[in-house]
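K.L.:
Position one of the sequence shown corresponds to residue 0 (numbering that gives the first Met the number 0), numbered consecutively onward.
By construction, the Cβ of each residue, glycine as well, lies at the ideal position given by its N, Cα and C atoms.
One structure coming up, written as structure tokens, with questions to follow.
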Amino acid sequence: MNIDETIVEKAERYIKGVMTADEQSEFEAKVKSDAAYANAVNEYLQFYTSFEHFVSREKLKGEMDVAHADLIEEKNLIAAPGQTGKVIKLFRKNIRLISVAASVAIISVLGTALVLTKYYGTQIPSGYRALVNDVAQIKKTQRVINNQIKSIASATQKKPAVAGIYSGTSFLVTAKGYLITSLHIVNNANNIEVVNDGYAYNAHVIATNAACDFALLKIEDSSFESPKSIPYNFYSQNAEMGQKVFTLGYPRTDLVYGEGSVSSLTGYQDDTIAYQVSVPLNPGNSGGPLFDERGNIVGVISGKQMQTDAASFAIKSSYIVDALKTVDDKDFEKDFTLSNKKTLSKQPRVQQLKTLKSYIFEVRVIN
């Protein structure tokens, strides 16, 4: 990272809230009027956030290592009268960080249950897990800095992605920025971003269909560059058992490829609107497209069976198309067509993936 020292100094003072009112106004005006300056500030704010988190974690880890070594000595197990043991001091000193870690652990355990309750009601199917990713970066300082980054970004400038609370996958269905994802990712979300190639775009929910766990999003961001067309189509018939399939999704911040086959023509607990597929998937894959070998969409990833390897589920494309046909949005109705393009059908797999990566977006629920 090669950033002017004056930018570093001003960005730090801005984050810490020690600027005068005039300095703050001047700084924000500079960011909004100078795209290069804004990029440099945003780059440093991202670095600052990651570094602060790393330092806090490493500091606590080091102190805990020392405390652990001290525990080996019997004299450190019991504090002398009138003194406080080192372990107790360490706990008190770092209680905020420990509390955050405990909260994250609890949320990680409860997150899936909460999401599934939204989708299935109060009764959660035993053994089923929705593949929404519970992102463990919810510290107050992270949220504050994320808000500061948003507040100073230019309206037409691509902004870097920030951490969210939940994440999943989505994919474009029109060139004008309409995307499909799973309802259980974005249900009741107030602030949604979709991310591709490290850049984030504001999005909001246009339509939903709880019966097939469907949500249609629309990118509302002037920095989004629309593609000329969509290179894939929806497969109109049911897939066959044993048919080869592949998927792309975001179980991590990088796009991940998976392949397998249709292993059953029904989903979890014989659900007729879904397939079971032998594709190894993880939290974050929900909402991702399931392609056949020709690059047609045969389904949308929704979940997996717990304690069973490579038993994942996808809503059948025919149900997704039916849901799309009921969307009450004039712009979408005008823009959406079932394409006859066969751009991907004659491409080898490596080239298919290169073509597709621009159309698959991570979905991040910020709050």
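Reducing DSSP to helix, strand and coil, say where VAL143 ends up.
P.N.:
Below a pLDDT of 50, predicted positions are generally treated as unreliable, and VAL143, at 49, falls in that range; the measurement from the model is reported next regardless. Three-state result, VAL143: helix.
K.L.:
Which residues does DSSP pair with TYR231 in a beta bridge?
P.N.:
DSSP, once it has assigned bridges, lists no residue as partnering TYR231.
K.L.:
Tell me the DSSP bridge mates of ASP291?
P.N.:
Bridge partners of ASP291: VAL244.
K.L.:
Would you identify the three-state DSSP class for ARG363, choosing helix, strand or coil?
P.N.:
If DSSP states are grouped into helix, strand and coil, ARG363 belongs with the strands.
K.L.:
With a threshold of 16 other CB atoms inside 10 Å of the CB of ALA37, please say whether the residue is buried or exposed.
P.N.:
Buried, because 16 or more other Cβ atoms sit within 10 Å of the Cβ of ALA37.
K.L.:
Taking the alpha carbon of TYR274 as the reference point, which residue from LEU264, GLY283, GLN268 has its own alpha carbon closest?
P.N.:
Ranking the options by Cα distance to TYR274, first place goes to LEU264.
K.L.:
Out of curiosity, what's the CA-to-CA distance linking ASP321 and LEU182?
P.N.:
Each residue's alpha carbon lies about 15 Å from the other.
K.L.:
When the Cβ atoms of the segment 277-288 are set against those of the segment 340-348, are three or more pairs found closer than 8 Å?
P.N.:
The segment 277-288, when compared against the segment 340-348, does not touch it at the 8 Å Cβ threshold.
K.L.:
In angstroms with no decimal places, state the Cα-to-Cα distance between ILE272 and GLY287.
P.N.:
Each residue's alpha carbon lies about 16 Å from the other.
K.L.:
Sorted by chain position, which residues of the same chain lie with C-beta nearer than 7 Å to PHE223's C-beta, five sequence neighbours on each side aside?
P.N.:
Cβ neighbours of PHE223 beyond the five flanking positions: GLY176, TYR200.
K.L.:
Are the beta-carbon atoms belonging to GLU314 and PHE170 less than 9 Å from one another?
P.N.:
The identity of residue 314 in the sequence shown is Ile, whereas the question assumes Glu. No, these two residues do not count as a Cβ contact at 9 Å.
K.L.:
From what residue to what residue does the beta strand (DSSP E) around ILE218 run?
P.N.:
Here the beta strand (DSSP E) through ILE218 covers 213-218.
K.L.:
Express the C-alpha separation of ASP33 and ALA39 in angstroms, rounding to a whole number.
P.N.:
Near 10 Å, if we compare the C-alpha coordinates of ASP33 and ALA39.
K.L.:
For VAL362 versus VAL185, is the C-beta spacing smaller than 9 Å?
P.N.:
It is a contact, given that the beta carbons lie within the stated cut-off.
K.L.:
Buried or exposed for GLN351, please, with buried defined as at least 16 other CB atoms from any protein chain shown within 10 angstroms of its CB.
P.N.:
So GLN351 ends up on the buried side.
K.L.:
Report back the beta-carbon spacing between SER317 and GLY167 to the nearest angstrom; my notes put them in contact at under 8 Å.
P.N.:
Going by Cβ atoms, the distance from SER317 to GLY167 rounds to 22 Å, so no, they are not a contact pair.
K.L.:
Can you name, in chain order, every residue of its own chain whose Cβ lies under 8 Å from the Cβ of GLU25, other than the five neighbours on each side?
P.N.:
None.
K.L.:
Pick out whichever of ILE14, GLU4, ASN195 has its Cα sitting closest to the Cα of ARG251.
P.N.:
If we check each option's Cα against that of ARG251, ASN195 comes out closest.
K.L.:
Using a threshold of 9 Å, state whether the C-beta atoms of GLY248 and VAL261 are closer than that.
P.N.:
Not closer than 9 Å, so no.
K.L.:
Near ASN237, what residues of its chain come up, given a Cβ to Cβ distance below 8 Å and the 5 sequence neighbours on each side ignored?
P.N.:
Excluding residues within five positions, the ones whose Cβ falls inside 8 Å are LEU264, LYS315, SER317.
K.L.:
Could you pull out every residue in the same chain whose Cβ sits closer than 7 Å to the Cβ of LEU355, ignoring the five residues on either side in sequence?
P.N.:
Hits under 7 Å: LEU247.
K.L.:
Taking DSSP's pairing of strands, which residues face LEU312 in a bridge?
P.N.:
According to the sequence displayed, residue 312 carries Phe and not Leu. Partner(s): GLN275, GLY302.
K.L.:
For LEU323, which three-state DSSP category applies?
P.N.:
If DSSP states are grouped into helix, strand and coil, LEU323 belongs with the helices.
K.L.:
Scan the segment 175-216 and note each continuous beta strand (DSSP E) run of 3 residues or more that stays entirely inside, going in chain order.
P.N.:
Within the segment 175-216, the complete beta strand (DSSP E) runs of at least 3 residues are 177-181, 191-195, 198-208.
K.L.:
List the DSSP bridge partners of GLY167.
P.N.:
Answer by DSSP bridge pairing, in chain order: VAL362.
K.L.:
Taking the C-alpha atoms as reference points, what is the distance between VAL17 and VAL204?
P.N.:
If you take the alpha carbons of VAL17 and VAL204, they lie about 38 Å apart.
K.L.:
So PHE335 and THR180 are supposed to be a Cβ contact under 8 Å. How far apart are they, rounded?
P.N.:
Between THR180 and PHE335 the Cβ distance is about 16 Å, and since that is not below 8 Å, they are no contact.
K.L.:
With DSSP collapsed to three states, give me the class of THR155.
P.N.:
Reliability fails at THR155, whose pLDDT of 48 lies under 50, so the model's placement of it is uncertain and the value that follows must be treated cautiously. In this structure, THR155 counts as coil in the three-state DSSP scheme.
K.L.:
Exposed or buried, what is ASN301 when buried is set at 16 or more other beta-carbons lying within 10 Å of its beta-carbon?
P.N.:
Per the sequence shown, residue 301 should be read as Ser rather than Asn. Burial call: buried.
K.L.:
Given that a residue counts as buried once 16 or more other Cβ atoms are within 10 Å of its Cβ, and exposed if not, what is GLY266?
P.N.:
Buried.
K.L.:
Return the residue from the list TYR13, ALA202, GLU239 that minimises the CA-CA distance to LEU178.
P.N.:
Taking only the C-alpha atoms, the option nearest LEU178 is ALA202.
K.L.:
When burial is assigned at 16 or more other CB atoms within 10 Å of the CB, is ASN189 buried or exposed?
P.N.:
Its Cβ having fewer than 16 others within 10 Å, ASN189 is exposed.
K.L.:
Can you tell me which residues form a DSSP beta bridge with GLU258?
P.N.:
Its beta-bridge partners are PHE245.
K.L.:
Report the rounded CA-to-CA distance for ALA209 versus LYS9, giving the unit in angstroms.
P.N.:
Going by the C-alpha atoms only, they are around 48 Å apart.
K.L.:
Cα separation between LYS15 and LYS31?
P.N.:
If you take the alpha carbons of LYS15 and LYS31, they lie about 20 Å apart.
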